[in-house]
Amino acid sequence: MNLIQINEDNKQEISKKIAIGIDLGTTNSLVAFSENKNPKILKADNELEAIKSILTLDENNQIIVGKTAQNLKSIKSIKRLMGKTNDDLSEELKNYNYDILKNSEEKIIKLNFADNITPIEASAEILKTLKKRAEKSLETEINDAVITVPAYFDDAARNATIAAAKIANLNILRLINEPTAAALAYGFDKDLEGIYAIYDFGGGTFDVSILKMHKGIFQVIATKGDNFLGGDDLDIAIANHLVSKFQIANNIALNEANLAKESLSNNKIYENKQLKITLNQEEFHEIIKPLINKTLDIFATAIQDAKINKAEIKETILVGGSTKISYLKKLLAEFLEKPALDNINPDNVVALGAALQAEYLTNSTGNLLIDIIPLSLGIETMGGITEKIIPRNSAIPISYSQKFTTFKDNQTGMQIHIVQGERELSNKNRSLGYFELKNIPKLPAGKAIINIHFNIDMDGILTVTAEEETSNIKQEIIVKPSYGLDEKQLMEILQKTHQNAKDDMIERLIAKNNISLSSYKDQIEKIIADKDYNFSAEEQKEAEEFCAKMQEEKEKLNKSNNYNQLEKLQKDTKEYLNNLCLKKINIITSSLEGKTIAEIDNLFKNKK
Amino acid sequence: MNQQDFTCYNCKDSNQFGALFCSHCQAIQPITEKNYFKIFSLKQSFSLDKNKLEENYLNLQQLLHPDNFQQKSAIELNLALQHTSMVNEAYLNLKSDLKRSEYLLKIENIIVNQDNKSSISPDNDLLNYIFNLRDEIEEVENQEELKEIKENIKKEEIDLIEELEQLFPKKQYDIIAKLTIKLRYLEKIEEELEIKLAL
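Chains as they are written, first to last, in this note's numbering: chain G, -11 to 596; chain X, 50 to 248.
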C-alpha cells in the first residue's frame, strides 16, 4: 500500500506541471505547450502543425482523424453543431454541410457516421488525437488542458465542449475565448498598453473582441460575434454562385468553392477546365463582400459596446484562416483607417495563447486575464419578457442574487426559465433550461420569499442555486442545456469509449482517482477537526461516516477495477468537500452577517 | 483582542477587520465588505471618479483573481472565487450610471428596478412618453431616422445623468427615483434600437 502511495505522489507531481493548450477549430485543430513563457506548437518532424478537424472511417470501420481519402466516408465542421439541437439547424446547413442523421425523432443531433455518434463524441475523437500527439511529443502523460472556444459560444456549446473533453479523458483547466487567447499570444512578452482589437474570422465562426492591456493584465471589455459566419459560409456563398452559373452538383460546387477561395485570395483567376468553371477575382470579391461587411458591422457594434472610438484602437490583430484573404485585409484596413497586424501566423496564434494560459494556471507567470460573458443572461418573466440578470460583457466569475415571491396562495412549486441573449422576448433568445423549485412551504401569496443566486464561473458556465428564506430549503442545479447529453448518457459513452481502451489507461484512471480521493479525504478531515468552527457533533459524525464509507467504497471499486464508478465517487467526494468548504466559509463570515451596510460602516469608522 | 478583529481560519493569528489576507500566513480571508463603494475604497456618492474605479478594480483583480490560487487549498480557491465574483458584481453596478443610481436608492430603501416589488412605480406622464416613443419607433422604416432617434435618446440620457448628479447631494430621492426609472426605460429602448439597427 505504501509503495503505491509513493508512486501516486510522484505522478501527481508530474501531472501538476504539464498542461497543454488546445485550439479545437472548425477546420483545423492544434495543440501547443508553453515552458518559460515560450509557447510552441507540438508536432513530429514530418507532420503539419495543424490537424484537420475531419473524421474519416477507414476500411476497418475505425475512426481516423485529420485525413481524408476518396471513397471513404468523412465528416467535417463538427464544431458548428456543438451545443445545437436538431431544431436549431438552418436548412442551408442541412443541405450543404453535414451528414446529420435526418428523420431523427430526438432533439439531440446524431451524425450519419460510425455508430451515429453525436457531435460531442466526434469532437472528443479530435481531442484524443491532439492529446496523443502531445503525449508523444512531450514524452509524458497529459491530463490537463486549456481549450479555446469562440467568444460567442453560448452556455450550451461550452458545456458540450466540456463533455467532449471528458470523453477524451482530458481535464479542462479552463475554457478560454479564442480572441482572448490570441491576445495573450501577442501581448505576453511585450509591455502592451492601451486598447487592442482581435478580429477572429475562422472556419466556422466570427468573433471580435476589444481588450484593454494594462501592466500585464488583459482585460476584455467587449466581445461580439456570429457563430454561423466563417470560412465555411464564404464557401457556401461561392458554391451558390457556381451552382447557378455552371449548373454543377452541390457537393462538387462546395469543393470547387473552397479551391477557388484559396486560389483567388491571392491570384487573379481560378479555372477548372474539366468542369468548365472560371471565376475571376472581381466576381470573387463581389460574392464575399456582403459577408465581410457583415463582420465589419459586428466590429462596429463591439466598438460601440466598449464605449470607445474607433481611433482609440491601437492595433487590430488578425486571427483565423479567413483573414488571409487579401481583399478582406483591404476592406478591414479601410474600415480601421490603418492596416491590421498579422505578424504571428493567424492559424497558430490561438493555440499558442491557450498554451500560455495553461502555463499560467500551472505555474504562475505573472500575466492575468480578465474575461467576460458574451451574451446576457436573463430569466423569463410574465408575458414572456426577458429580464436581464447579468448583462453581456460582464467580467467573470460573477454572481447575482434576486428575490422572487409566490403569486398564488399555498403555491409549492416555481419554475424559472433561464435564457441567454439580447432580445426582449424570451422565445427569441436561447433557452438554457428550466429550473424548478419544489417544496416551497405553503404560505399566502407573496409571503414565501425565494432567493435565487446565479453564478457564472471562470469557464463562463452558469450554476443556479435557490433557497426559500423562511424554511431555508436549498436547491442547486447546474443548468443542463436542453440540447442533449445528460449525465447518464455521458456515462454510457465514457463506458463505451473506455471498454476498448488498453489496461494501462484504466490503471492510470484508477490511480488518478485514488490520488484525488486521498487528498479530498485529508482536506475533509482537516476542516471538520478544526475546533474553531464549532461543527456540531452531528456534522462531525456525518463527515466521518462519509469518509469511512468513501474509503470502503474506494477499496471495493479498486478490487473490481470499476474505474467508472470510481470516477463518480471522486466527483461526489469533491462536491462534498466543496460544500464543506462553503459551510466553513459561512461559519467564518456569519459573525459579520446580519449586519446592515450602516453597521459595517460604523465598524469601519470605529477602526479609524 | 479587539472585538472587530478576527482570527485567520488557517493560522489562527489575529487580524484586523476587513483584511483581505492574513497578515501572518497570507491566506486569503472571507468577504467582509459588501458595500460596492467601500470595496473600491470610493466615497459613496453618485458622482464617481471612473478612473479611480478602474484603477482600483484592476488592483483588486490582481490580488484576488482565482487564477492566482490554482495551486492553493480548496478553501482559498473558493474564497478567491467569491471575492472576485463580488468585485465583478460591484464593478458592474458602479460603472453603469443607471445601476449606480439604483444601488444608491436601494441603500435608502427605495426599490426601482424590480417590477413586482418596486416601491415607486412609473407615473402616467412617463408611461405616455415611453408609449409614444415606442410608437414612433414602430413607424420608422429607414435606418437613418432610427439612428437619429437613438442619438436623441442618448442626449436625453446624458441630461438625465447630469440632473442626477445635481440631485443626489440634495437627497431629493422622490425626483431621483422618477428620473432613474426614466433612465432605465430609455436605456432599454436604446438597446432595442441597437438590435433593430443591427438586424
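Every residue gets a Cβ at the ideal spot worked out from N, C-alpha and C, and that includes glycine.
Taken atom to atom, the span from the alpha-carbon of N24/G to that of T56/G is near 37 Å.
For S90/X, the three-state secondary structure derived from DSSP is coil.
Annotation for F534/G: Y564 place their beta carbon closer than 7 Å to its own, counting only its chain and skipping 5 residues before and after. Contacts with chain G at 9 Å (Cβ-Cβ) do not include N100/X. Within the segment 382 to 428 of chain G, the complete beta strand (DSSP E) segments at least 3 residues long are 386 to 393, 402 to 408 and 418 to 425, listed from N- to C-terminus.
Counting every other CB atom within 10 Å of its CB across the protein chains shown gives R183/X a total below 16, marking it as exposed.
Contact annotation: in the segment 133 to 146 of chain X, residues whose CB is within less than 8 Å of a CB in chain G are T133, S134, M135, N137, E138, Y140 and L141. With contacts defined by Cβ atoms closer than 9 Å, P167/G and A148/G do not form a contacting pair. Within chain G, not a single residue places a beta-carbon under 9 Å from that of A68/X; the smallest gap is close to 11 Å. A102/G carries a coil assignment under DSSP once its states are collapsed to helix, strand and coil. Shown here for I313/G: same chain residues with a beta carbon closer than 7 Å to its own, the five before and five after excluded, namely S253 in chain order. Cβ-Cβ distances below 8 Å link S65/G to T14, T15, S41, N85, Y86, G191, G192 and D220 in the same chain, with the five nearest sequence neighbours on each side left out; the list follows chain order. Annotated as distal: L69/G and I39/G, with beta-carbon spacing of 9 Å or more. In the same chain as Q207/G, and ignoring 5 residues on each side of it, the C-beta atoms closer than 7 Å to its own belong to L199, K200 and I358, in chain order. Against I8/G, chain X offers no close residue; the least beta-carbon distance is about 16 Å (beta-carbon pairs closer than 8 Å). Chain G places a beta carbon closer than 9 Å to that of P115/X, counting this residue as a contact. Fully contained in the segment 215 to 269 of chain G are the following alpha helix (DSSP H) runs of length 4 or more, in chain order: 219 to 234 and 238 to 252. Just measuring C-alpha positions, the residue of L118/G, K119/G and G71/G sitting nearest K98/G is G71/G. DSSP links L363/G through a beta bridge to no other residue. DSSP, read as helix, strand or coil, puts Y184/G in strand. The criterion of a C-beta distance shorter than 9 Å is satisfied by L209/X and L235/X.
Contact annotation: in the segment 273 to 287 of chain G, residues whose CB is within less than 9 Å of a CB in chain X are D285 and I286.
Listed by position along chain X, the residues whose Cβ is nearer than 8 Å to that of H202/G are L107.
In this chain, the alpha helix (DSSP H) harbouring M538/G covers A525 to K547. In this structure, D146/X sits near L213/X, with a CB-CB distance shorter than 9 Å. Assigned with DSSP and collapsed to three states, Q207/G falls in strand.
When rounded, the separation of the alpha-carbon atoms in N246/G and D223/G is 6 Å. Using a Cβ-Cβ cut-off of 9 Å, Q120/X counts as an interface residue toward chain G, since at least one Cβ of chain G sits closer than that to its own. For M201/G, the enclosing beta strand (DSSP E) stretches over residues F194 to H202. Residue nearest to Y85/X within the set A139/X, E125/X and L126/X is A139/X (criterion: CA-CA distance). For P171/X, there are no C-beta contacts with chain G under 7 Å, since the nearest C-beta of that chain is about 16 Å from it.
Contact with chain G is found for N127/X, since one of that chain's Cβ atoms lies less than 9 Å from the residue's Cβ. Per DSSP, the continuous beta strand (DSSP E) segment holding K28/G begins and ends at N26 to I29. By the neighbour-count criterion, in which 16 or more other beta carbons inside 10 Å mark a residue as buried, C57/X falls on the buried side.
If you draw a straight line from the Cα of K396/G to the Cα of P432/G, it comes to about 7 Å. M370/G is classed as exposed because its beta carbon has fewer than 16 other beta carbons within 10 Å across all chains shown.
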